[in-house]
Amino acid sequence: MFRFQAEQAVLDCVGLGGRTLTPTEIARPGDLVAVTPESDDRRALLGAQRGAVLTLLDRKQRIAYRLVAAIPFTKAIEQIAASARDALPPWLAMALYGAARAWGGTTPANITTIARFMAEFAERFKDYPSRPCTDAELDDLARRAAASMFAGQPMEMPLEPVSLARLLFAISRLAWDAEFVRALRLEALDRERFAGLVGAMIESGAMWLWPMVAPIRMGGARMDAQRAFTVEAVARLWPIWWGLIGASEDEARACLTPFAPLAPGNALIEEPPGYTPPPTPDGKLCAALARQVAEEAVAHAAYAPQGVFEAVLPDDLPLVAWGVARLRLIALRPGRLWAALLSEAGETIAAFPWRPDGTRLEGGMMIPDWAWGVVDLALSALWRDMAVAGPAALPGTRTREVASEHFATAASRPTAASRPLYLPRPRYALIGKAGEKRAWGEEGERAIIRRRAASVHAVRGHYRRHKYVAERRQDEQAREQLKRLREAAAARAAQFGLPAPPPGYTFVSPFMRGVGQGGEAEQEARDVRARGLAALAGVLATRS
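With my numbering as the guide, the letters of the sequence shown map in order to residues 1318 to 1861.
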């Protein structure tokens, strides 16, 4: 047995089965597991000394590391590392500190994960300074290291072992500190850098160490997830946390369902290992149509959405194949909108601030680039139908008359001043309630939309990028001709219940096999009130 002793703590390294240990056996870690001593072992170990017991077991080398202390475990490790006659191996100092920081506050599995991570991290360095850092020095180092991590630069690491373990926890705390992250001004972070950042933070422990030992805040809501949190959950939860910076408590709880850490699933939109991006409609076309239906929401608004709205997507939309079964829009405060994508089980896949003007806020970085155009179009289409069609778009939703002259409807940046867009005075408020999911569109309208989308797809009716010859001329005759051509393209699209082509596009009419020309079929398509859904279905049914 080896013993490391300080004034108020003692660490015993005991060979199981009564065997004698050698210094080389404790020089390197084996297979560590956190265990709770049985009551008889506890009494035998403590003897006349009073205190708590922390135990790590090396199953590979059959060694028990038992720390008995009359002071907090973290202080005991610092005391032993500073005053013991023989120096603790760096891996053991870091593993014990990590386990001590989590002991009693999380699960034994998480304590084991932390201890193993610390032991492996210690092996990255050969030489360690002997002087521990002061609290002020450590705070400064943590801020500089965290800023370097977010900037994609190497972090400053070599420290005395216990100080290094403390630094890792301090960096992780800052990674979940909204004010610190906001001050870094990361608005220009693109999707590729964001994905790289997430990977670096998982490897360094910055994403998952802190939530295992302390509460975190999702927007304005406190989450006590120490016992529910796992390393696997961080890949979904931290990007959602990022997206909810600036959200109020009610907004955060409405976005995240259930309000707990969940491991990623196999949804294609979460880009699981080995996935292949699916074929998607033209991104510029999606963006142009999204702005067009959003402008229609402004021009023809009859309802001011207020509350939490959850729409079930029709099964034939590609978003459903990607793992997104429902869309949720949260409009609890004037000038702010939040969006969430939900799985079939009702679990949040992604949540972020959203604006119906095409701005991809930094919170939207968790959505893959290949999917963003479709996601933004779907949200714009839903917002249009809520504002224009109201209960006809989400059957069963309640309404009430409103007295306010204006109602702000745009989501603000969480890192910048709000830029609200004001609708003309709506006659009614559309009231959404958390926990109520609604079909998007009435059943009869959905059937019409499905038939029209299937017809368009079957014979390749589609929007196509096109520049008219008349656009190259500047005379009055050319302008009149261009106007007629665009009106004709809009009329062709309207026959299939679709909005007019956006600037730079025309609509190529399909040959409607099995569908008569004119008559009731075209009329029922024009009468559809959930035109946002019709536009979304029409675009996503084509691949040209």
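We treat Cβ as the ideally placed atom computed from N, Cα and C, and that holds for glycine.
Boundaries of the alpha helix (DSSP H) in which residue i is found, first to last residue
i, result
"E1753", "Counting along the chain, E1753 falls outside any alpha helix (DSSP H), and DSSP gives it neither H nor E."
"M1540", "Segment 1538-1540 is the beta strand (DSSP E) holding M1540; no alpha helix (DSSP H) there."
"C1603", "1600-1616"
"R1803", "1793-1811"
"L1853", "1848-1857"
"L1491", "1478-1492"
"V1637", "1635-1638"
"V1825", "Not the alpha helix (DSSP H): V1825 falls in the beta strand (DSSP E), residues 1822-1825."
"A1817", "Here A1817 belongs to no alpha helix (DSSP H), and DSSP marks it neither H nor E."
Neighbour-count burial assignment, residue i, 16 or more Cβ in a 10 Å radius
i, result
"M1518", "buried"
"Y1592", "exposed"
"D1792", "exposed"
"F1321", "buried"
"M1703", "buried"
"M1318", "exposed"
"A1569", "buried"
"E1355", "Residue placement at E1355 is poorly supported in this model, since its pLDDT is 41, which falls under 50; the coordinates still yield a value, given next. So E1355 counts as exposed."
"D1541", "exposed"
"R1544", "exposed"
"D1403", "exposed"
"F1442", "exposed"
"R1336", "exposed"
"E1395", "buried"
Residue i versus residue j - alpha carbon distance
i, j, result
"A1538", "W1655", "15 Å"
"R1803", "R1643", "35 Å"
"A1419", "G1563", "29 Å"
"L1476", "A1756", "57 Å"
"R1809", "G1855", "13 Å"
"L1606", "P1635", "17 Å"
"L1481", "G1415", "10 Å"
"A1446", "P1425", "The residue asked about is misnamed: residue 1446 is Pro in this sequence, not Ala. The straight-line gap from Cα to Cα measures roughly 31 Å."
"A1326", "L1405", "14 Å"
"A1710", "T1391", "58 Å"
"G1831", "E1664", "Low confidence applies to G1831: its pLDDT is 38, below 50, so where it sits in the model is not reliable enough to give any reading."
"V1845", "E1760", "11 Å"
"P1578", "R1769", "41 Å"
"R1608", "A1464", "36 Å"
"R1781", "A1550", "42 Å"
"A1817", "R1763", "20 Å"
"L1458", "P1478", "14 Å"
"A1462", "L1857", "45 Å"
"W1555", "A1621", "32 Å"
"V1625", "P1708", "14 Å"
"L1646", "G1536", "16 Å"
"E1566", "E1454", "34 Å"
"G1422", "D1456", "23 Å"
"E1718", "A1746", "6 Å"
"L1658", "I1666", "6 Å"
"D1686", "A1351", "42 Å"
"L1484", "E1588", "32 Å"
"H1862", "P1673", "Nothing can be reported for residue 1862: it is not among the residues displayed for the chain, which extend from 1318 to 1861."
"S1729", "L1799", "A caution first: S1729 carries a pLDDT of 37, below 50, which makes its placement in the model too unreliable to give a value."
"A1584", "V1641", "8 Å"
"E1661", "L1853", "20 Å"
"Y1822", "R1553", "37 Å"
Presumed contact (8 Å Cβ cut-off) between residue i and residue j, rounded CB distance
i, j, result
"R1744", "A1619", "6 Å"
"E1342", "I1397", "Contact flag wrong, Cβ pair sits at about 19 Å."
"G1849", "L1602", "Their Cβ separation, rounded to whole angstroms, is 16 Å, which puts G1849 and L1602 out of contact at 8 Å."
"R1701", "V1610", "4 Å"
"L1373", "L1333", "L1373 to L1333, Cβ: 13 Å. No contact."
"I1586", "W1639", "4 Å"
"A1668", "L1514", "No, A1668 and L1514 are not in contact; Cβ-Cβ is about 18 Å, not under 8 Å."
"W1559", "I1533", "12 Å between Cβ atoms; not a contact."
"W1408", "A1439", "4 Å"
Range of the contiguous beta strand (DSSP E) that encloses residue i
i, result
"V1719", "Run containing V1719: none; DSSP gives neither H nor E here."
"F1626", "1620-1629"
"F1576", "F1576 -> no beta strand (DSSP E), and no H or E assigned at all."
"R1345", "Looking at the DSSP string, R1345 is not in any beta strand (DSSP E), and its letter there is neither H nor E."
"A1326", "1326-1332"
"R1320", "1319-1322"
"R1782", "1779-1782"
CB contact check: residue i to chain C, cutoff 7 Å
i, result
"P1712", "Protein chain content of the structure displayed is limited to a single chain, and chain C is not contained in it."
Length at least 3, wholly inside the segment 1375-1446: the beta strand (DSSP E) runs in chain order: 1380-1386
Unbroken stretches of the beta strand (DSSP E), 3 residues or longer, contained in the segment 1640-1690: 1643-1650, 1653-1659, 1665-1670
Secondary structure, alpha helix (DSSP H): runs of 4+ residues fully inside the segment 1504-1553: 1508-1521, 1526-1530
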